[in-house]
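Colleague: With the UniProt record's numbering, the residue at position 122 of the sequence shown is 122, and numbering never jumps. All C-beta atoms in this analysis are idealised placements derived from N, C-alpha and C, irrespective of residue type, glycine included. Since the structure is predicted, the reported quantities are computational estimates derived from the model, not experimental observations.
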Amino acid sequence: MFRPLIYNGPPLPAPRLLDGKPDLSGFWQGVREKGVPGGNHGKDQPGFILPLTEKGKRAMIYAQNHTPDPEAVCINGGIPRHNSSGLPFEVLHTTDRFATLYHYTTHRSASVAERRALPPKEQTSKTYFGTNVAYWDGDTLVVETTGLRDSSFEKIWLDENGNPTSDQTQVIERWSRPDYHHLQLEETVIDPKYYREPFKFTRKWNYGGDGRGVGEYSCNENNVEREHIGPGAGVIGPNGNRGFGYDAPLPKTPPSPAAYGF
1 MFRPLIYNGP PLPAPRLLDG KPDLSGFWQG VREKGVPGGN HGKDQPGFIL
51 PLTEKGKRAM IYAQNHTPDP EAVCINGGIP RHNSSGLPFE VLHTTDRFAT
101 LYHYTTHRSA SVAERRALPP KEQTSKTYFG TNVAYWDGDT LVVETTGLRD
151 SSFEKIWLDE NGNPTSDQTQ VIERWSRPDY HHLQLEETVI DPKYYREPFK
201 FTRKWNYGGD GRGVGEYSCN ENNVEREHIG PGAGVIGPNG NRGFGYDAPL
251 PKTPPSPAAY GF
């Protein structure tokens, strides 16, 4: 599953669907960026820190001190978190459907049609993957999502670092396949509750090979230490990565808010 496909030949054209649009289907593995933190939606921001509002800072403190990593206790990561995951994922794509399958035996799907507005907030229920619309902008597939859960009182994180997301979050994903062996994402997150301004997140994946896909994964069955998992993501270092590193001992008690710069 994690063995990368090594392709050193010239770029090959992306496959096309019956309607002539790029086919985004495939098994995709993340590309490591040197000097850039993995799993952090702030990887493209100065100092790898997102532009949190005061409410956003309080929501992050709550997540770090009261909420175990949702994925560690078998809760859906949702969108946008899965877009920054280090794990490979699979896309199944037709002319009218776009589906993403994740290692945690979770998925989301979208109906691809003409551009249209998202439904009113009162017509949606809050979920981990939200309510979406999908449409083409040239050869780029755009997926807009709203109706997400809120980190200040529900078990959801924006990313692996425990950054918060709110019930006002809107995620705009722009997916493209420039050639056969690469998939690209340009994502914009708009959350006026927890962030001072919209921010962007970019990502590239390599094609994982023909005949490969996401395997079975039973989180609840194998999660034998669930009851012993403490809150938070751990201290976020100056390199933008979570945790204390492999050489430093883990703290006996969860770190205070001061450990996160608040």
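Determine the extent of the alpha helix (DSSP H) in which residue 184 is found, giving its start and end residues.
Modeller: Premise fails: residue 184 lies in the beta strand (DSSP E), 182-190, not in any alpha helix (DSSP H).
Colleague: Give me, in chain order, the residues of the same chain whose beta-carbon lies closer than 8 Å to that of residue 16; leave out the 5 immediate sequence neighbours on both sides.
Modeller: Correct list, in chain order: 22, 23.
Colleague: Looking only at C-alpha atoms, which of 4, 79, 14, 184 sits nearest to residue 108?
Modeller: Selected option, being the one with the closest Cα: 79.
Colleague: Give the single residue among 113, 145, 155 whose Cα lies nearest to the Cα of residue 136.
Modeller: Per the Cα distances, 113.
Colleague: Quick one: is residue 200 buried, meaning 16 or more other Cβ sit within 10 Å of its Cβ, or exposed?
Modeller: By the neighbour-count rule (16 or more Cβ atoms within 10 Å), residue 200 is not buried but exposed.
Colleague: Apart from the five residues just before and just after residue 110, which ones in its own chain have a Cβ nearer than 6 Å to its Cβ?
Modeller: These residues qualify, in order along the chain: 98, 132, 134, 143.
Colleague: Identify the continuous alpha helix (DSSP H) that holds residue 207 and give its terminal residues.
Modeller: Segment 199-207 is the beta strand (DSSP E) holding residue 207; no alpha helix (DSSP H) there.
Colleague: Can you tell me whether residue 315 is helix, strand or coil according to DSSP?
Modeller: Residue 315 lies beyond the stretch modelled for the chain, which goes from 1 to 262, so this question has no answer here.
Colleague: Apply the 10 Å Cβ neighbour rule to residue 119 and answer buried if 16 or more other Cβ atoms are within range, or exposed otherwise.
Modeller: Exposed, by the Cβ-count rule.
Colleague: Report all residues from its chain with a CB closer than 7 Å to the CB of residue 56; omit the five preceding and five following residues, and keep chain order.
Modeller: Result list for residue 56: 164, 194, 195, in chain order.
Colleague: Give the DSSP-derived three-state secondary structure of residue 129 in the structure shown.
Modeller: DSSP places residue 129 in coil when its eight states are reduced to three.
Colleague: Just how far apart, CA to CA, sit residue 53 and residue 206?
Modeller: Taking the straight line joining both Cα atoms gives about 35 Å.
Colleague: Could you work out which residue in 14, 158, 173 is closest to residue 59 when comparing CA atoms only?
Modeller: Closest option to residue 59, Cα to Cα, is 158.
Colleague: Given a cut-off of 9 Å on the beta-carbon distance, is the pair residue 214 and residue 27 in contact?
Modeller: Going by C-beta atoms, residue 214 is nearer than 9 Å to residue 27.
Colleague: With the cut-off set at 9 Å, would you say residue 174 and residue 40 are in Cβ contact?
Modeller: In this structure, residue 40 does not lie closer than 9 Å to residue 174 by Cβ.
Colleague: Use the C-beta contact count for residue 12: other C-beta atoms within 10 angstroms, 16 or more gives buried, fewer gives exposed.
Modeller: Burial call: exposed.
Colleague: So, for residue 169: in the same chain, excluding its five sequence neighbours on each side, which residues have a beta-carbon less than 6 Å away from its beta-carbon?
Modeller: Closer than 6 Å at Cβ, skipping near neighbours: 148, 191.
Colleague: Is DSSP giving residue 174 helix, strand or coil here?
Modeller: In the structure shown, residue 174 sits in a strand (DSSP, three-state: E or B).
Colleague: Would you kindly work out how many angstroms separate the C-alpha atoms of residue 50 and residue 161, rounded to a whole number?
Modeller: In a straight line, the C-alpha of residue 50 is about 11 Å away from that of residue 161.
Colleague: Would you say residue 155 and residue 75 are within 9 Å of each other, going by their C-beta atoms?
Modeller: Yes, they are a contact pair.
Colleague: Whose C-alpha, out of 167, 90, 141, is nearest the C-alpha of residue 212?
Modeller: Ranking the options by Cα distance to residue 212, first place goes to 90.
Colleague: Cβ of residue 38 within 9 Å of Cβ of residue 30?
Modeller: Yes. Within cutoff.
Colleague: Output needed for residue 48: all residues of its chain with C-beta closer than 7 Å, excluding positions within five of it in sequence on either side, in chain order.
Modeller: 37, 40, 42, 240.
Colleague: Between the Cα of residue 227 and those of 69, 46, 6, spot the shortest distance and give me the residue it belongs to.
Modeller: Taking only the C-alpha atoms, the option nearest residue 227 is 69.
Colleague: Secondary structure at residue 29, three-state DSSP: helix, strand or coil?
Modeller: In this structure, residue 29 counts as strand in the three-state DSSP scheme.
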